[in-house]
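In the numbering used here, the protein residues as written are 8 to 323.
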C-alpha cells in the first residue's frame, strides 16, 4: 500500500507515544511540525506536533489515559471516560482532541478517533476530516495488521486521486494533481480558495512534492486510466465518457450523493448510477464534481456545527 510506516526519523515520535496507552490501531503525526511548509509555518523546530491516535475501544483507552495523563484533559475529565467517549463518537468529526500538552519536551496536540469511525470516513468521506489529513503526507508512527483499516487507508488515497482526475484537464502536471488533492478537504474547489486557505494549500504542496509523489506514486503507476510520465512530472488521463463514468462510479458514497442532489431535478428521483452516467457525458463533468465536492465539505461543516451546538445546549 502507499502509506509507509515511519522508520529512522521516528525516535522523537515513538518517545512521545510511550507516554500513552499502547492499544493503538494507528498513530500518525501531521502538520508543519512534521513536514516543512513554506510561509509562516516554516519553523519546524518550534512548531507544535500534531497527532491522531486511532483506537478500537475509546472507552477503555480514555480510562487508561485518564489515569496516566489526567492533566491532559479539560474540565470534561470530571465527567469520566464514558462521557468523553460519547462526545468523541457523537459530536464533531468523531475525534476528541487534547491540545497544548507538553510531552517529552515538545508541545503537542492529539486527537483520538475510533477505528470503526475512521474506516467509515476513509471509505465514504462522511466528514472528510481525518480522511482529509490522510490524503496529505503524514508520518505513520505505528499501525497494526488490521487488513480492513489498511485497505480503507489505501481506498481513501485512490478516491482522492480519482476525484482530482475528474476535476483536471486531459493533461496536467504532478503539482497540479497534488494541489487539487491537498485542497479537497478545504472547500473542494482550489480555484475558488482565497487568501489564507489558498496560500495554505500551496505552502503544503510546494515544499513536499517528493513526499506527495512517494504517497501516490504507486497508485498512479498502477491506474490503467492514466499515463504517468514520472520523469517529466506529467500525467494524461482518460477523459472519454466511458472513462469518466468508471471514475465517477468509484467515488465515495457521500460525494456521489451530493452529485446526485445537484443533477436530479425535482420529481425525477433517478438512482445515483443513472445520474452519474449523465454527468460522465456532460462537457461540464469536472465542474459538477467540483460543486459536489464543495457541497459535500460544506454539508459536513454544517453537520458538525449543528452537532456541537446540540451538545452545548445539553450541557448548559
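Even for Gly, the Cβ is constructed at its ideal location relative to N, Cα and C.
Keep in mind it's a predicted model, so treat the numbers as computed, not measured.
Three-way DSSP call (helix, strand, coil) for residue i in this model
i, result
"residue 236", "strand"
"residue 195", "Here residue 195 scores only 46 on pLDDT, less than 50, and its place in the model should not be relied on; the value that follows carries that caveat. Coil at residue 195, not helix or strand."
"residue 327", "The structure shown does not extend to residue 327, since the chain is modelled only from 8 to 323, so the question has no answer here."
"residue 171", "helix"
"residue 341", "Outside the modelled stretch of the chain, which goes from 8 to 323, sits residue 341, for which no answer is possible."
"residue 6", "Nothing about residue 6 can be read from this structure; the chain reaches only from 8 to 323."
"residue 241", "strand"
"residue 112", "coil"
"residue 61", "strand"
"residue 178", "strand"
"residue 159", "helix"
"residue 98", "coil"
"residue 45", "coil"
Proximal residues to residue i (C-beta, below 7 Å), its chain only, five neighbours per side dropped
i, result
"residue 91", "69, 83, 103"
"residue 89", "66"
"residue 42", "144, 215, 218"
"residue 252", "283, 284, 287"
"residue 174", "187, 293, 296, 297"
"residue 199", "Confidence is the limiting factor: at residue 199 the pLDDT is only 44, short of 50, which leaves the residue's position unreliable and the question unanswerable from this model."
"residue 73", "80, 84, 88"
"residue 267", "279, 282"
Which listed residue (the options) has its alpha carbon closest to that of residue i
i, options, result
"residue 106", "56, 85, 130", "56"
"residue 190", "77, 230, 301, 40", "301"
"residue 169", "158, 185, 154, 155", "185"
"residue 227", "256, 267, 167, 264", "167"
"residue 115", "22, 96, 86", "22"
"residue 127", "87, 159, 34, 177", "159"
"residue 101", "62, 80, 113, 111", "62"
"residue 246", "270, 233, 117", "233"
"residue 270", "299, 99, 229", "299"
"residue 138", "259, 290, 291", "259"
Cβ-Cβ separation, residue j to residue i (assumed contact under 8 Å), whole Å
i, j, result
"residue 223", "residue 164", "6 Å"
"residue 60", "residue 119", "5 Å"
"residue 262", "residue 77", "The Cβ separation is near 41 Å, so there is no contact."
"residue 295", "residue 135", "Actually they do not touch by this definition, with Cβ atoms about 18 Å apart."
"residue 156", "residue 24", "Contact flag wrong, Cβ pair sits at about 18 Å."
"residue 207", "residue 36", "Actually they are not in contact, since the Cβ atoms of residue 207 and residue 36 sit about 18 Å apart, beyond 8 Å."
"residue 172", "residue 254", "6 Å"
"residue 117", "residue 58", "4 Å"
Residues near residue i in its chain [Cβ-Cβ closer than 6 Å; skip 5 each side]
i, result
"residue 196", "The predicted position of residue 196 is uncertain, since its pLDDT is 42 and thus under 50; a value taken from the coordinates is nonetheless stated next. Closer than 6 Å at the Cβ level, and outside the excluded window around residue 196, lie 297, 301."
"residue 212", "185, 186, 189"
Close Cβ partners of residue i (< 8 Å) along its chain, the five nearest in sequence each way excluded
i, result
"residue 142", "163, 164, 167, 188, 189, 191, 192"
"residue 248", "287, 288"
"residue 54", "38, 39, 40, 48"
Between the region 169-182 and the region 232-252, do three or more beta carbon pairs fall short of 8 Å? The region 169-182 vs the region 232-252: in contact.
Between the region 145-164 and the region 272-289, do at least 3 Cβ pairs fall closer than 8 Å? Counting Cβ pairs under 8 Å, fewer than three are found: no touch.
Check whether the region 18-30 and the region 122-133 touch, using three or more Cβ-Cβ pairs below 8 Å as the test. Contact between the region 18-30 and the region 122-133 is absent, because fewer than three Cβ pairs lie under 8 Å.
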